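Presented below is the structure to which this report refers.
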Amino acid sequence: MTSTTQTRIRPGTLLHASGGPRYAVALTVDAIGTGLLRPFLLLYGVMVLRLSAPEAGIAMAVGIVVGLLCMPAVGRWLDRGARSTVVAASMLVRVLGVVLLLATPEGSAELFTMAALFLGVGNQTWPAAHAALVATVAHGRERDAALAAGRALRNAGLGAGALLATVCLAGGTTALRSLAVVTALAYLVAAALTWSVRVHARPASPAAVVAEGGGGGAESAPRMGALLAANVIYAFCLNVPEIALPLVLVTQMHASPMWPAVIFVANTVLVVTLQVPVTVLLSRFPRRSVLVVAGAVLTASYLGFLAAVSIGHGWAAPAVAVVSVLCTFGEIIYAGSATALVTALAPAHALGRVLARFQLSTGFGLAVSPAALTALAPHGPVALWGGLAAGTLLAACAVAA
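In structure tokens, the structure reads:
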């Protein structure tokens, strides 16, 4: 494939590679619905159901854990050829979760936990199912661009939904209940549209194994223990704008809450606008090399944060905001190469199981990173940013090896 082919993908081709117009609409509706409720689920438990913050937090954590535990079964389902069915199921499961949420009376931690469980299962199932669907309708570098487009579209929908929900929150508990109703309807519409796409893969023979850079073993999926372990550390970058930077800026540096908000909005805008162009631009290089570069950029950004917080409170917050742009570029490079590399390495007969294992590593990283970041932060900037830099650099070396 020539450089021109790798770095130029027409919008029509990209739309087809992403699953077609109906699937794109389904992704948009699903993302907006998710943005309406997901960032405010804890508030729903506290404000509407009158639960304590620890009770609501534990329920949400249970949902994440159970969702991850379901991934092996999801992988086997995908390997039997299911594609759009699994994506639609991930949306329908969340409909059930929202219905349970609306039916939960005040003070019922048990029902809130059940609702969070179904929402967690749907949220954890969706990424692997979506990647498998895209890998079925697109191949090569078009598939990489389609995965990047899906992420950009989802981030745009999540941002739009969260912005709309923020405006509506002035209505108090009534607004939160209304947002939950709209979320359920959005999931239902998205599931129906996804079901209508009807993408199904023929279960592949174990002998039909295709891996990036050469053939792979026909008996099982390739060994990816080091890659999956490294991905746990890489995934920390996804929570840096939402957890680490607000924690440092507001509670330690006593900066205005405006700065975390500006950083979060900038992160979202950059991901939405640059995810596809950057992924396509870097498609001239091997995916593994690009993932190593992502680790290097993230490491440099963490060291940049370490330097920024030490220059004095007057300039520290603006410096952190500037460095956050570098961190976002690292996130974009990582997101555009990690899933693409895994789908390229996975044998056709084990694509679902490999993607499920990858989602397990990503989900685990996202689940433990809040606790890790909040535990490191009180020990000072060197412990937080130095620890992140060292861990990410080690992960990049593992990917390179």
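In the numbering used here, the protein residues as written are 10 to 410. C-beta atoms are modelled at their ideal positions from N, C-alpha and C, and glycine is treated no differently. It should be emphasised that the depicted structure is a prediction, and the values quoted were computed from it without experimental measurement.
Practice task
Just mark residue 388 as buried or exposed, buried being the case when its beta carbon has 16 or more other beta carbons within 10 Å.
Solution key: Around the CB of residue 388, fewer than 16 other CB atoms lie within 10 Å, so the residue is classed as exposed.
Problem - Cut-off 6 Å between Cβ atoms - residues of its own chain near residue 496, not counting five sequence neighbours on either side - result: Nothing in the structure corresponds to residue 496, since the chain is present only between 10 and 410.
Problem - Continuous alpha helix (DSSP H) stretch holding residue 132: start and end - result: 118-146 is the extent of the alpha helix (DSSP H) around residue 132.
Practice task
If I'm right that residue 68 touches residue 121 with Cβ under 8 Å, what's the distance once you round it to whole angstroms?
Solution key: 5 Å
Exercise for the section: Would you check if there are 3 or more beta carbon pairs closer than 8 Å linking the region 157-171 to the region 24-38? Expected result: yes
Practice task
Determine, using beta carbons only, whether residue 142 and residue 28 come nearer to each other than 7 Å.
Solution key: Going by C-beta atoms, residue 142 is nearer than 7 Å to residue 28.
Problem - Exposure label - residue 19; buried when at least 16 CB within 10 Å - result: exposed
Practice task
Pull up the CB-CB distance for residue 407 and residue 235, whole angstroms please, since I reckon it's below 8 Å.
Solution key: 5 Å
Practice task
Following the continuous alpha helix (DSSP H) through residue 298, name the residue where it begins and the one where it ends.
Solution key: Here the alpha helix (DSSP H) through residue 298 covers 296-317.
Problem - Unbroken alpha helix (DSSP H) run spanning residue 379, endpoints - result: 360-385
Exercise for the section: Grab the span of the alpha helix (DSSP H) containing residue 194 for me, first residue to last. Expected result: 182-206
Exercise for the section: Give every residue of the same chain whose Cβ lies closer than 8 Å to the Cβ of residue 282, excluding the five residues on either side of it in the sequence, and list them in chain order. Expected result: 161, listed in sequence order.
Practice task
Pick out whichever of 247, 245, 266 and 246 has its Cα sitting closest to the Cα of residue 255.
Solution key: 266
Problem - Exposed unless 16 or more other CB atoms sit within 10 angstroms - verdict on residue 185 - result: Answer is buried; the Cβ neighbour count reaches 16.
Practice task
Please classify residue 244: is it buried, with 16 or more other beta-carbons within 10 angstroms of its beta-carbon, or exposed?
Solution key: Buried.
Handout entry: Cα-Cα separation between residue 4 and residue 253, rounded to whole angstroms
Key = Past the boundaries of the shown model lies residue 4; the chain is included only from 10 to 410, so the question cannot be answered.
Exercise for the section: Within 10 angstroms of the Cβ of residue 226, are there 16 or more other Cβ atoms? Answer buried if so, exposed if not. Expected result: For residue 226, the predicted model reports a pLDDT of 43, less than 50, meaning its position is unreliable and no value from the coordinates is stated.
Exercise for the section: Please classify residue 209: does DSSP put it in a helix, a strand, or coil? Expected result: In the three-state DSSP reduction, residue 209 falls in the strand class (E or B).
Handout entry: Pick from 338, 95, 258 and 247 that is closest to residue 305, judged by C-alpha positions
Key = 338
Practice task
With DSSP collapsed to three states, give me the class of residue 344.
Solution key: helix
Problem - Minimum C-alpha distance to residue 64 - residue among 92, 47, 116 and 107 - result: 116
Problem - Start-to-end residues for the alpha helix (DSSP H) that takes in residue 267 - result: Here the alpha helix (DSSP H) through residue 267 covers 267-290.
Practice task
Entirely within the region 23-64 and at least 4 residues each: give me those alpha helix (DSSP H) ranges in chain order.
Solution key: 30-46
Problem - DSSP-derived helix/strand/coil call for residue 6 - result: Nothing about residue 6 can be reported from this structure: the residues present for the chain run from 10 to 410 only.
Problem - residue 264 versus 374, 128, 301 and 330, residue with shortest Cα-Cα distance - result: 330
Exercise for the section: Just the C-alpha distance for residue 37 and residue 163, rounded to the nearest angstrom, thanks. Expected result: 6 Å
Handout entry: Where the alpha helix (DSSP H) containing residue 176 begins and where it ends
Key = 149-177
Exercise for the section: Please look up how many angstroms separate the CB atoms of residue 349 and residue 284, rounded, as I've assumed it's under 8 Å. Expected result: That belief does not hold up - the Cβ atoms of residue 349 and residue 284 are roughly 12 Å apart, past 8 Å.
Problem - Cα-Cα separation, residue 191 to residue 409 - result: 45 Å
Problem - DSSP-derived helix/strand/coil call for residue 337 - result: Looking at residue 337 - three-state DSSP - the assignment turns out to be helix.
Problem - Own chain residues within Cβ distance below 7 Å of residue 167, not counting five before or after - result: 40, 43 and 44
Handout entry: Assigned secondary structure, residue 79 (DSSP; H/G/I helix, E/B strand, else coil)
Key = coil
Problem - Residues near residue 355 by beta carbon distance below 6 Å, same chain, minus five either side - result: 363
Exercise for the section: Give the DSSP-derived three-state secondary structure of residue 115 in the structure shown. Expected result: Under the three-state reduction of DSSP, residue 115 is assigned to coil, being neither helix nor strand.
Handout entry: Limits of the unbroken alpha helix (DSSP H) element including residue 401
Key = 396-409
Handout entry: Expected contact under 8 Å - CB spacing of residue 301 and residue 405 to nearest Å
Key = About 5 Å separates the two Cβ atoms, so the contact holds.
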